[in-house]
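If you're matching positions, the sequence shown starts at 524 in the numbering used here and goes up one per residue.
Every residue, glycine too, gets a C-beta built ideally from N, C-alpha and C.
In this text the structure is predicted, and so the values were computed from the model without any measurement.
Only one structure is covered here, and it is reproduced in the block below.
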Amino acid sequence: MLPAAEAEAKILALVSPPTETEQVPLDAALGRILAQAIPSPLDFPHWDNSAMDGYAVRHADVQGASAENPVALALTETIPAGRSPTQSVGPGQAARILTGSMLPTGADTIVMQEVTQREGEQVLVLEAPEPQQFVRHRGSFCRAGDSLMQAGLPIGGPELAVLASAQCVQVPVFPRPQVAILSTGDELVMPDEPLQPGQIVDSNQYALTALVRQAGAIPVTMGIVPDQPQALRAAIQTALAQADVIVSSGGVSVGDYDYVDKILAELGATLHIRSVAVKPGKPLTVATFPAQRGVEPIYFGLPGNPVSALVTFWRFVVPALRKRSGLATGWEPGFVQAVTRQALKAGGQRETYLWGRLTSTPNGYEFELASGGHNSGNLINLAGTNALAVVPVGTTRINAHTTIQVMPVSMLVS
Ligand code: AMP
Ligand code: MG
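This is the structure in C-alpha cells:
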C-alpha cells in the first residue's frame, strides 16, 4: 500500500500537460486555461492621465502655495474623460481635469480639487503638491510588448478584464481534457429503472460526471458496464477511442468479479498503483496506456463504494486533471488548518478522511463532522458537506477543539 503523498506524486509524474491550443472568443473564455503568454499591445495607462478630479498644473508655479499664500492660476479649458486636451498649459495656467482624463502638455502635476478654490476663470491653489502628484504615467502599469499574463493561468473575472483591455478578442486556451466515466457492476441500474432485490442505482456516474465538469474537463459518460470481462474490455476500448483520461468505479477490489486490473494488463496498460493507504478508498488502480494522439491515456480505477469513489477522485484524480488541463501551478489539493468541533476517530493504519462542513469564522476555519456513520458505503451523509478532515497515519483519535488539516473539496466554504 502506497502512502497518499507518494501516490499523488507518482500520478502527477504520469500526467503530461497539454500540447495543443485552441482559440475561443473572449466571452467564452471564462473557466478556461490560458495557453500562451499575452504580450501587451499597448502601454497601460495608454497616456499620462489624472488619478483625481482637480487641476492640471505646472509644479514650478505652485510649489510655494499655501492657505495663507494661495497661488492664482488662469483656467485654460475643462478636459472631460474620453477627449484629448486642446491647449497646452503655460506658466500661470491650469486646466480643469477629471479622473482618467489625459494630461495636457505643459502640465506635470495634479492638484486635487479639495485643496483649491474656484473663482470664476481662475483657480486658487491652497496647498503645495509634490512634483508629479496624482499623475498616472503612460506605461507605468505595463509597457507595450511586456507580458500581461503567463500561460497556465485560469481565466476568471480579473483575467477577462485584462484580456478585454488588451483587445484580445480571440483567446488562446488549452483544450479541455475529455474524461470517460464508466460504472462497473452487475448490480447497477439507472435511476429511472425499477429496483429488483439486490440492485442499487448507479449513483457514481452522476457524482463523477459532476466532479469532472467542476474540474473544468468534459465528461464522456459511458454508462453501466456489467461484470463480464468481454464487456469491460469493449467498454475500455471504446473509452480509449474518445478520451485520454478514463475513470471507472468498482471492480478493483479482490472480489471474484473484480476484473479491471486483469483487463487493463491484457489491453497493454502498465499498472503503476494498485492500492493506496487511505480510508476510504484503499483499492485504487492507476494505469497508463501506450501513447495515442501524442499522449499516454491514464486510467483511474476507483473503488465502487460511493464515498470511496468520491474521496479518491478528489484526492488523486482532481490533481491529475488540473495538470492535464494546462494549469501552470496549484495541481495538488489544498489543505487548510481548522479547529474540529468534534473528536475524530480513525484506525491508524491508513490516512483517514472524514467528511463534514468547513466554515470560516472570525477566528479562522472550523470543521463540523457530518453526523451519522462514516462508512464508505453511506453516501447519504455526504450531502451538504464541503471538506474532508485528515487523520494522519498513526493517529487513532483527535480530541475536539484541536487544530487539524482539512481538505476543502468544494469552492463553497461559507
Ligand atoms: P466494488 O468496488 O465493485 O466491489 O463495489 C463496492 C461497493 O460499491 C458495492 O457495494 C457496490 O454495489 C457499490 N457500487 C459499485 N459501483 C457503484 C456505483 N456506480 N454507484 C453506486 N454504488 C456502487
Ligand atoms: Mg463491483
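The shortest C-alpha to C-alpha distance from V743 to any of Q719, Q722 and S771 is the one to S771.
Residue V648 holds the alpha-carbon nearest to the alpha-carbon of N592 among L598, V580, V648 and G827. A distance criterion of 7 Å places the beta-carbon of D781 in contact range of the ligand AMP, judged by its closest non-hydrogen atom. The beta carbon of G804 sits no closer than 7 Å to any heavy atom of the ligand AMP. Look at T808: its beta carbon is at least 7 Å from all of the heavy atoms in the ligand MG. The region 554–574 and the region 657–666 touch, with three or more beta-carbon pairs separated by less than 8 Å. Its Cα nearest to that of K533, the residue V809 stands out among V809, L790, H582 and D584. Assignment of F567 by DSSP, reduced to helix, strand and coil, places it in the strand class.
Proximity to Y888 across T926, A866 and R756 peaks at T926, based on C-alpha coordinates.
Taking a cut-off of 8 Å on C-beta distances, the region 778–796 does not touch the region 723–732, as fewer than three cross pairs fall below it. Short note on D750: C-beta closer than 7 Å to some heavy atom of the ligand MG. DSSP assignment within the region 609–659 yields the following whole beta strand (DSSP E) runs of 3 residues or more, N-terminal first: 616–620, 632–635, 639–642 and 645–648.
Sixteen is the threshold: since fewer than 16 other Cβ atoms of the shown chains lie within 10 Å of the Cβ of M713, the residue is exposed.
Between L535 and H795, the C-beta spacing is not below 8 Å. S933 and N909 have their C-alpha atoms roughly 5 Å apart.
For R920, the pairing in a beta bridge is given by DSSP as K868.
In this structure, the straight-line span from the alpha carbon of Y822 to that of I769 is close to 5 Å. Close CB contacts of L902 within its chain, under the 7 Å cut and outside five residues either way in sequence, are with S726, P829 and V830 (chain order). Judged by DSSP secondary structure, Q751 falls outside any beta strand (DSSP E); it is assigned neither H nor E. Non-local C-beta neighbours of T875 in its own chain, meaning closer than 7 Å and more than five positions away in sequence, comprise K802, A869 and V914, ordered along the chain. A direct Cα-Cα distance of roughly 27 Å separates P842 from P548.
Taking a C-beta distance under 8 Å as the contact criterion, L911 and V859 do not qualify as a contact pair. Three or more pairs of CB atoms, one per stretch, sit closer than 8 Å, so the region 667–676 contacts the region 841–855.
Between L867 and the set Q928, M625, V612 and F812, the nearest pair of CA atoms involves Q928.
For G708, the shortest separation between its Cβ and any heavy atom of the ligand MG lies below 7 Å. Within the DSSP bridge table, the entry for N572 names M625 and R659 as partners. With the rule of 3 Cβ pairs closer than 8 Å, the region 629–648 counts as touching the region 600–620.
Within 7 Å of the C-beta of G774 there is at least one heavy atom belonging to the ligand MG. Following the DSSP letters along the chain, one finds I678 in no alpha helix (DSSP H), marked with neither H nor E. When distances are taken from the beta-carbon of S771 to the heavy atoms of the ligand AMP, even the shortest one reaches 7 Å or more. Distance from the CA atom of D750 to the CA atom of L825, rounded to whole angstroms, is 15 Å.
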